[in-house]
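Chains as they are written, first to last, in my numbering: chain A, 1 to 261; chain B, 262 to 735.
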């Protein structure tokens with residue numbers, strides 16, 4: 001393609017606070033996938049999407065963070081997040097934060113329209129049909145609630161996973177059931193969250209998968225943490241790592257030394 | 262009104278999770294999920310019906326005063342009486358007055374959540390009047406001195422064995438050799454006991470699924486037929502219903518009926534759909550001498566025009582709780598008041614105040630499955646968030662949570678400071694937990710690590726690595 005006529009889309013990576021802080025390798029996997037699909041990736045200075053404040057009833061803080069994020073990504077054609085939850089906050093909830101501020105509401109609407117979750121951005125907007133990656137394993141893909149219900153992401157990551165050499169995909173029983181993470185819910189109602197994730201952990205074990213993938217690091221940390229506490233030997237990773245073929249880093253909650261679960 | 266244990270929700274949760282009998286019963290509650298999915302799939306126009314159902318209720322709520330007046334006029338024309346009750350005390354007083362004027366000693370009852378909301382049974386018993394629940398599930402829990410744990414399946418927290426044990430305890434004349442191992446046998450046993458009660462009752466109290474303004478008709482849906490006997494046999498029929506049950510026309514009610522049972526049990530229709538309009542007319546083969554409707558407000562009119570108005574569209578199908586991970590984990594009693602599940606999490610603070618009911622809208626993962634299946638498309642998660650906002654504004658949320666949020670917010674609003682601080686913190690945490698890749702315990706993270714291991718960070722943050730690599734973080 002002639003770049004002078006058709007410059008590559010300028011994609012701002014909204015890396016998400018969990019990936020930024022806990023698992024940078026997911027961010028690099030996202031960058032690799034986007035660049036391979038022909039995007040120019042930039043990473044504006046960012047913190048968090050504001051969801052912890054928004055879901056705790058602190059609208060003022062959520063609004064301040066939203067304003068700052070919208071400004072930071074002003075020059076991007078698209079904003080892509082390796083998370084349905086954070087993408088859902090940007091695309092579905094930012095506009096509602098400014099209903100009493102018309103000028104900002106217009107900006108938030110325009111911003112929301114260019115926000116996308118990673119797998120759906122690759123498949124739906126860029127038309128990517130396959131990736132060049134290899135992963136030996138039986139893989140279960142967990143649908144995060146926000147991906148499934150807020151962002152309509154379900155088929156896209158499965159389509160890309162189907163193109164990964166050596167990978168066999170299995171489905172979980174009750175795939176649309178929540179894992180019990182729910183952000184601060186996991187800590188505020190730890191006992192309840194634990195009872196919910198125990199069911200998901202059992203479903204993963206029953207699926208026969210040796211690897212669990214998902215598009216949201218929150219769910220993944222929750223499920224991995226539960227399975228590791230229960231002594232179940234399932235490797236847990238963000239779907240972007242496998243799609244990008246970047247699986248040298250140890251799975252979530254494990255160390256390079258190969259600590260036994 | 263019945264007493265709420267909602268303020269001690271966390272204790273209720275703990276008890277429910279430790280209750281092995283309850284946990285066993287909850288494991289069998291998945292049938293509603295597959296039933297609804299199959300019923301919705303069988304009907305091509307189901308999604309369109311949901312849209313029209315929502316439109317019907319939105320229209321009614323926008324003109325509720327008009328339709329209430331029309332309904333009242335029609336009830337009067339058919340020889341019945343409408344009584345307005347602002348709250349539970351007034352509603353109970355009206356029903357009691359109707360009972361004592363007829364010298365009633367026994368009252369049969371069809372299933373009614375409004376009667377649970379106002380605590381009608383307790384009010385009747387206090388006045389020396391026997392209240393007899395005739396819905397099988399309600400009958401069972403009445404014997405056990407319990408409240409419903411589900412709005413359409415009140416005894417869903419019990420097993421067949423629990424019910425058999427209760428009947429053997431309560432039914433004195435039941436021979437020990439009688440086989441009660443099958444649901445049909447339990448039903449036959451309850452029916453035999455209730456038959457006499459139906460004939461001896463002086464007053465029959467039912468709820469209403471819909472009140473039709475066009476005709477002054479009340480509609481109930483049941484699967485056992487008990488509601489029909491309750492409202493036809495006694496001399497007096499009293500309908501207790503809340504004011505948002507009004508719909509304009511019979512055609513509207515028919516539309517709503519098409520989504521109600523499908524969303525609730527997965528049936529196309531319930532076994533009985535019973536319409537009643539006024540008392541017995543000359544020439545009618547049966548029916549009551551008196552027909553009364555007690556219309557309860559109890560905080561609902563204050564929801565009109567508020568952020569919570571959409572909740573008044575609810576037709577009490579129970580789909581939200583049937584699909585709720587929290588309800589599935591703890592059952593209905595843990596919610597601590599009349600209405601459990603997502604609809605209860607929104608409605609309870611409206612009716613008993615956010616100070617008492619505020620735990621419920623907080624105890625949600627916002628998974629959104631409730632909104633996905635709600636036939637009336639009520640944005641339940643959004644309204645739970647509205648309650649959290651009210652709580653936050655009134656400083657009702659816990660101090661520790663508020664402080665943590667404030668500290669986090671301080672950094673999240675300062676990107677440069679945030680970048681440096683988080684990078685240092687993550688490097689330190691990586692060193693502390695890196696050897697194993699995770700923590701079994703970490704200070705201030707007990708809510709997490711008591712139940713799950715906590716992943717250790719990989720070290721330097723993404724933003725710091727990206728900067729080092731490309732220098733392109735602005």
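Just so you know, even glycine gets a beta-carbon here, dropped at the ideal spot from N, CA and C. From a predicted model like this one, the values you see are computed outputs, not experimental measurements.
What did DSSP end up calling residue 116 of chain A once you bin it into helix, strand or coil? strand
May I ask you to list the residues that DSSP assigns as paired with residue 471 of chain B? B:480
Say whether the stretch 477-495 of chain B touches the stretch 392-407 of chain B, bearing in mind that this needs 3 or more beta-carbon pairs closer than 8 Å, one atom from each stretch. yes
Tell me, which residues are paired with residue 716 of chain B by DSSP? Beta-bridge analysis with DSSP links residue 716 of chain B to B:699.
When burial is assigned at 16 or more other CB atoms within 10 Å of the CB, is residue 530 of chain B buried or exposed? exposed
Residue span of the beta strand (DSSP E) that contains residue 138 of chain A, given as start and end: For residue 138 of chain A, the enclosing beta strand (DSSP E) stretches over residues 134-142.
Could you check where the beta strand (DSSP E) with residue 502 of chain B kicks off and where it finishes? 497-503
Using the Cα positions of residue 623 of chain B and residue 646 of chain B, report the straight-line distance between them to the nearest angstrom. For residue 623 of chain B and residue 646 of chain B, the distance between alpha carbons rounds to 8 Å.
Could you tell me which residues DSSP puts in a beta bridge with residue 537 of chain B? B:479
Using Cβ-Cβ distances below 9 Å, what residues of the stretch 644-663 of chain B are close to chain A? Taking 9 Å as the cut-off between beta carbons, the residues of the stretch 644-663 of chain B near chain A are 646, 647, 648, 649, 650, 651, 652, 653, 654, 658, 659, 662, 663, in sequence order.
Could you tell me which whole beta strand (DSSP E) segments of length 3 or greater appear in the stretch 543-601 of chain B? 551-557
In this structure, does DSSP put residue 735 of chain B in helix, strand or coil? With a pLDDT of only 46 at residue 735 of chain B, under the threshold of 50, the placement of this residue in the model should not be trusted; the figure read from the coordinates follows. Secondary structure of residue 735 of chain B (DSSP, three-state): coil.
Using C-beta distances below 6 Å, list every residue in its chain close to residue 247 of chain A, excluding the 5 sequence neighbours before and after it, in chain order. By the criterion of a C-beta distance shorter than 6 Å, residue 247 of chain A is surrounded in its chain by 241, once the five residues flanking it on both sides are discounted.
Following the continuous beta strand (DSSP E) through residue 254 of chain A, name the residue where it begins and the one where it ends. No beta strand (DSSP E) holds residue 254 of chain A; DSSP gives it neither H nor E.
Beta-ladder partner(s) of residue 324 of chain B, from DSSP: In DSSP, residue 324 of chain B forms no bridge with anything.
At least three beta-carbon pairs within less than 8 Å, the stretch 525-542 of chain B to the stretch 305-325 of chain B: no
Can you check whether the C-beta of residue 175 of chain A is within less than 8 Å of a C-beta belonging to chain B? no
Tell me the DSSP secondary structure of residue 310 of chain A in three-state form. Outside the modelled stretch of chain A, which goes from 1 to 261, sits residue 310 of chain A, for which no answer is possible.
Residues of its chain near residue 651 of chain B, where Cβ-Cβ distance is below 7 Å and the 5 sequence neighbours each way are ignored: Close CB contacts of residue 651 of chain B within its chain, under the 7 Å cut and outside five residues either way in sequence, are with 615 (chain order).
Threshold first: 4 residues or longer. Then list the alpha helix (DSSP H) segments lying entirely within the stretch 392-429 of chain B, N to C. Complete alpha helix (DSSP H) runs here, min 4: 397-405.
Assuming residue 589 of chain B contacts residue 287 of chain B (C-beta within less than 8 Å), just tell me the rounded distance between them. 6 Å
Can you pull the chain B neighbours of residue 40 of chain A, defined as C-beta to C-beta under 7 Å? The CB of residue 40 of chain A never comes closer than 7 Å to any CB in chain B; the least such distance is about 10 Å.
Decide if residue 387 of chain B is buried, meaning its Cβ has at least 16 other Cβ atoms within 10 Å, or exposed. exposed
Counted within 10 angstroms of its Cβ, other Cβ atoms place residue 7 of chain A as buried (16 or more) or exposed: exposed
By how many angstroms is the C-alpha of residue 559 of chain B removed from the C-alpha of residue 612 of chain B? 7 Å
Of all the residues that make up the stretch 167-191 of chain A, which are near chain B by a beta-carbon distance shorter than 9 Å? 174, 176, 177, 178, 179, 180, 181, 182, 183, 184, 185, 186, 187, 188, 189, 190, 191
Return the CA-CA distance between residue 725 of chain B and residue 20 of chain A, expressed in angstroms with no decimal places. 9 Å
Just to confirm, are residue 137 of chain A and residue 69 of chain A a CB contact at a threshold of 8 Å? no
Under 8 Å Cβ-Cβ, which residues of chain A neighbour residue 625 of chain B? Those within 8 Å of residue 625 of chain B in chain A are 182, 185.
What do you get for residue 256 of chain A, buried or exposed, if any count of 16 or more other CB atoms within 10 angstroms of its CB means buried? exposed
Given a threshold of 16 other Cβ atoms within 10 Å of its Cβ, counted over all protein chains shown, does residue 513 of chain B qualify as buried or as exposed? buried
Runs of beta strand (DSSP E) wholly within the stretch 141-184 of chain A (minimum 3 residues, chain order): 165-170
How is residue 271 of chain B classed by DSSP in three states: helix, strand or coil? Looking at residue 271 of chain B - three-state DSSP - the assignment turns out to be helix.
Taking the alpha-carbon positions, what's the residue 599 of chain B to residue 51 of chain A distance? 31 Å
My output table needs one value for residue 50 of chain A: the three-state DSSP class, helix, strand or coil. coil
Which residues in the same chain have their Cβ closer than 6 Å to the Cβ of residue 14 of chain A, if we skip the five residues on either side of it in sequence? 79, 81
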